[in-house]
Amino acid sequence: MEASRVIHAIYNDDDVLMSAVKKVRAEKHHIEEIYTPFPVHGLDKAMGLEGTRIAICAFLYGLVGLTVAITMMNFIMIEDWPQNIGGKPSFSYIENMPAFVPIMFELTVFFAAHLMVITFYLRSRMWPFKKAENPDPRTTDDHFLMEIGVHGNESALENLLKETGAVEIKLVDKAH
Amino acid sequence: MYTFSSKLKIFSIVLIILGAVGVGIGFSTSHKSFEEVETLLAEESHHGGGHEEVDSHEATSHNAHAEEASHATHDVHSEVSAQGEADEHTKHIEHVQHQIANRPWAALYVAAFFFMMISLGCLAFYAIQIASQAGWSPVLFRVMEGITAYLLPGAIIVLIIAVASGTIGHYNLFIWMDPEVVAHDKLIQGKSGWLNIPGFAIRGIIFIAGWSLYRYFARKFSVAQDTAEDKSNFKKSFRIAAGFLVFFIYSESMMSWDWIMSVDPHWFSTLFGWYVFASMFVSGITAIALVTLYLKTRGYLEFVNANHLHDVAKFMFAISIFWTYLWFSQFMLIWYSNIPEEVTYFVSRFNDYKLPFLGMVVLNFVFPLLMLMNADYKRMPWFVVMTGLVILFGHYIDIFNMIMPATVGDRWFIGIPEIGSILLFAGLFILVVFTALTKAPLLAKGYPLIKESEEFHY
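Chains A and B, in that order, are what the protein sequence lines are. Heads up, the first sequence is in the numbering used here, so the first residue is -2 and it goes up one at a time. Heads up, the second sequence is in the numbering used here, so the first residue is 12 and it goes up one at a time.
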């Protein structure tokens, strides 16, 4: 349930931002979004965001890569055309396994890395020619912006934000 | 200050006594007469599979080359007469007799080396932490200093066993120490400039002296820094750590040629030093984790938290994979090119040591890989302890695989001599390490990075 009107509170210090986040959360206001120019250590914990599951994805993608490598080489080298190449034993997969390990390793890493990156792009909705969703260009340089939904409590919220050290407070209508 | 609990002290002394009894049994049952071995072999071949065993004995023996050479001359010079067969029989029995006699020596040597290598790996880790000025680990420095206290006695014991096997023993570990073998072996003759007992002993003394001197001064400066007014001790310990690491990587490499690779004097591998290093490094780090957790459960390390454990477990995980990388690189290069003069090393291990040889890859790679991949598991003490015990067992098997095929061939077993030796040195290790831990406060409070370490948060 996204609010149609939001407050943009701008900060110019990440420590001030962190304490503001804790205060706003303590007052049970819902923080819609925070824009920062760089990763602020511990901000996700302060906001109460869930941990990422991308590492689990990467592990599973790695297993896929390993399976692809094994299936591919078993079919090509052992089943389809088991030639004698330099005396290497191509009677079964396990007998010639050491020669396949470099490929198994690389494909595992390849799948894990690339699919994880693609997952990241999809989940964070990033692609070329995507319209930037930046409410204030200064947040890519040296300012921090906290966006809070307004549900008829503007003045109380504004006072609270002023107390937390916001340098600028704006009431914004989200165009629909 | 840590006080050595009397329970643990009694436990370690019991281990030493039990181990000594086991080692004694091992030595007293290994002297078989010619006739005893003859009946033993007759019984074995009666049970089937005897002939195959006979073949593999010869292929795996440490003087395989010498024997093969003599076989060849037999074939050329004489039709296989009754006389020749009798010679073969005698030779075979003498060979097995020697292998049986080697077993307690090799068991003792493997266990002695294993515990020595834990503290040497720990010393290297300690020096790296100081030289790199790591901010997370200083709270563990006293634990590391305690573990490295075993290095001097442990390394001296290893060297004594090695030299004794060639002087008071019957060349039970290193065949190049046997003048009879060297006289008939062109390959060893060519290496005798390096492989001779005085050289071996002198190099060993230099290695041990270098390591122990670093350990002595690092510990001295570390304790002195606790009460010092300035940071001069810290600076000195930084400088000697950097110097030691240079000395260490040379001496460790040569030590691995001398103390391990030379049990197979016909074989050589260029990355062997690194491989042994990876093994000792991961064992040392695992020992740090285990000792730390033990002390923490006793309430002596309240400044150590899950974040420190997480970092140590990360090292266990990463160096386990590094070990596997070197193990596989060595194996795969030799397997791939399959040059007879170097591949015999793996042929004998594959034929007679299949379970330990492949089992250690599971213990040292697959198990830690899956157990320690998850960040949450790395923060759980019982999880790290379980994985750590498996890693240590795996690296014992690793050393076992390096020494045993060259000394006892296919007559290996993990029985009374092996377990006795492990208990003996485990007891000694516990006794020395925990005694050293009582000598100084468990927090190196004068170290400049100690505050950062205490507040370390991952």
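Note that CB positions come from ideal geometry on N, CA and C, so glycine has one too. Since the structure is predicted, the reported quantities are computational estimates derived from the model, not experimental observations.
message = So, under 8 Å CB-CB, A/Gly62 and A/Phe108 are touching, yes? Tell me the CB distance rounded to an integer number of Å.
response = Right, the Cβ-Cβ distance comes to about 3 Å (below 8 Å), so this counts as a contact.
task = Put B/Ala77 into one of helix, strand or coil per three-state DSSP.
result = Low confidence applies here, because B/Ala77 scores a pLDDT of 46, under 50, leaving its location unreliable; read the following figure in that light. Here B/Ala77 sits in helix by DSSP.
request  = Tell me, please, whether the CB atom of B/Phe288 is closer than 8 Å to any CB atom in chain A?
outcome  = Not an interface residue.
inquiry  = Please state the DSSP three-state secondary structure of B/Lys231.
reply    = Looking at B/Lys231 - three-state DSSP - the assignment turns out to be helix.
task = Kindly indicate the opening and closing residues of the beta strand (DSSP E) around B/Glu49.
result = Counted as a single uninterrupted DSSP element, the stretch harbouring B/Glu49 is not any beta strand (DSSP E) but the alpha helix (DSSP H) occupying residues Phe45 to His57.
query = Which residues of chain B have a Cβ atom closer than 7 Å to the Cβ of A/Ala109, listed in chain order?
reply = None at all; the shortest Cβ gap to chain B is about 12 Å.
query = Does the ligand HEM have even one heavy atom less than 7 Å from the beta-carbon of B/Leu454?
reply = The ligand content of the structure shown is nil, which means the ligand HEM is not present either.
inquiry  = Using only the alpha-carbon positions, how far apart do B/Glu63 and B/Pro428 sit?
reply    = Any answer about B/Glu63 is weak, because its pLDDT of 46 lies below 50 and its placement is not dependable; what the coordinates show is given next. C-alpha separation (whole angstroms): 26 Å.
task = List the endpoints of the continuous alpha helix (DSSP H) containing B/Gly426.
result = From DSSP, B/Gly426 is part of no alpha helix (DSSP H); its letter is neither H nor E.
ask   = Cβ of A/Val98 less than 8 Å from any chain B Cβ?
value = Flagged as an interface residue toward chain B: A/Val98, by a C-beta distance shorter than 8 Å.
query = Just checking my contact of B/Glu353 with B/Trp278 at CB under 8 Å: how many whole Å lie between their CB atoms?
reply = With a Cβ gap of about 6 Å, B/Glu353 and B/Trp278 count as contacting.
Minimum C-alpha distance to B/Ser44 - residue among B/Val107, B/Trp346, B/Phe328 and B/Ala93 = Nearest option by C-alpha distance: B/Val107.
query = Secondary structure at B/Arg226, three-state DSSP: helix, strand or coil?
reply = Helix at B/Arg226.
message = Can you check whether the C-beta of B/Tyr347 is within less than 8 Å of a C-beta belonging to chain A?
response = Chain A, which has a Cβ nearer than 8 Å to the Cβ of B/Tyr347, makes this yes.
message = With the cut-off set at 8 Å, would you say B/Phe436 and B/Phe126 are in Cβ contact?
response = Yes. Within cutoff.
query = Going by C-alpha distance, which of A/Asp77, A/Tyr58, A/Ala6 and A/Ile73 is nearest A/Thr33?
reply = Comparing Cα positions, the closest option is A/Ala6.
query = Does the Cβ-Cβ distance between B/Val444 and B/Ile158 come in under 8 Å?
reply = The criterion of a C-beta distance shorter than 8 Å is satisfied by B/Val444 and B/Ile158.
ask   = Applying a beta-carbon distance threshold of less than 9 Å, which residues of chain B neighbour A/Pro95?
value = Per Cβ cutoff of 9 Å: Phe339, Phe342, Met343, Trp346 and Tyr347.
key: Under the three-state DSSP convention, the category B/Val315 falls into   = Note: B/Val315 maps to coil in three-state DSSP.
query = Of all the options A/Glu144, A/His140 and A/Gly146, which has the alpha carbon lying nearest to the alpha carbon of A/Val164?
reply = Checked all of A/Glu144, A/His140 and A/Gly146; the closest Cα to A/Val164 is A/His140.
ask   = Straight-line CA distance for B/Leu256 to B/Arg230?
value = If you take the alpha carbons of B/Leu256 and B/Arg230, they lie about 16 Å apart.
request  = Indicate whether B/Val323 and B/Ala289 have their beta-carbon atoms separated by less than 8 Å.
outcome  = Note that the C-beta distance between B/Val323 and B/Ala289 is not below 8 Å.
task = Scan the segment 226 to 295 of chain B and note each continuous alpha helix (DSSP H) run of 4 residues or more that stays entirely inside, going in chain order.
result = Listed in chain order, the complete alpha helix (DSSP H) runs (minimum 4 residues) inside the segment 226 to 295 of chain B are 243 to 266.
Buried/exposed call for B/Phe165, threshold 16 Cβ in 10 Å = In the sequence as presented, Phe is not what sits at residue 165 of chain B; that position holds Gly. By the C-beta density criterion, B/Gly165 is buried, having at least 16 other C-beta atoms within 10 angstroms.
request  = Using a threshold of 8 Å, state whether the C-beta atoms of B/Gly175 and B/Phe259 are closer than that.
outcome  = For the record, residue 175 of chain B in the displayed sequence is Ala; it is not Gly. Taking 8 Å as the Cβ cut-off, B/Ala175 and B/Phe259 do not qualify as a contacting pair.
Touch test, the segment 297 to 313 of chain B against the segment 144 to 158 of chain B, Cβ-Cβ under 8 Å, three pairs minimum = With the cut-off at 8 Å, the segment 297 to 313 of chain B and the segment 144 to 158 of chain B touch.
task = Please report the residue range of the beta strand (DSSP E) in which A/Met143 lies.
result = Residue range Phe141 to Gly146 is occupied by the beta strand (DSSP E) that includes A/Met143.
query = Among residues of its own chain, excluding the 5 on either side of B/Tyr286, which ones have a beta-carbon nearer than 7 Å to its beta-carbon?
reply = Its chain contains Leu337, Trp338 and Gln341 as the residues whose beta carbon lies nearer than 7 Å to that of B/Tyr286, once the 5 sequence neighbours on both sides are disregarded; these appear in chain order.
Buried versus exposed call for B/Asp387 [16 or more other C-beta atoms within 10 Å across all chains shown] = That one is exposed.
message = If distances are taken between C-alpha atoms only, which option among B/Asn207, B/Ser16 and B/Ile168 comes closest to B/Phe185?
response = Closest by alpha carbon: B/Asn207.
inquiry  = For B/Leu29 and B/Leu434, I'd like the C-alpha separation in whole angstroms.
reply    = Taking the straight line joining both Cα atoms gives about 7 Å.
ask   = In angstroms, rounded to a whole number, what distance separates the CA positions of A/Ile31 and A/Leu142?
value = About 6 Å.
inquiry  = Could you tell me the alpha carbon to alpha carbon distance between B/Met413 and B/Met272, rounded to whole angstroms?
reply    = Each residue's Cα considered, the two are about 8 Å apart.
query = What number of angstroms, rounded off, separates the C-alpha of B/Leu131 from the C-alpha of B/Ile441?
reply = Computed Cα separation, rounded: 15 Å.
query = For B/Gln200, which option in B/Gly210, B/Gly370 and B/Trp187 has the closest C-alpha, if you only look at C-alpha atoms?
reply = Proximity to B/Gln200 across B/Gly210, B/Gly370 and B/Trp187 peaks at B/Trp187, based on C-alpha coordinates.
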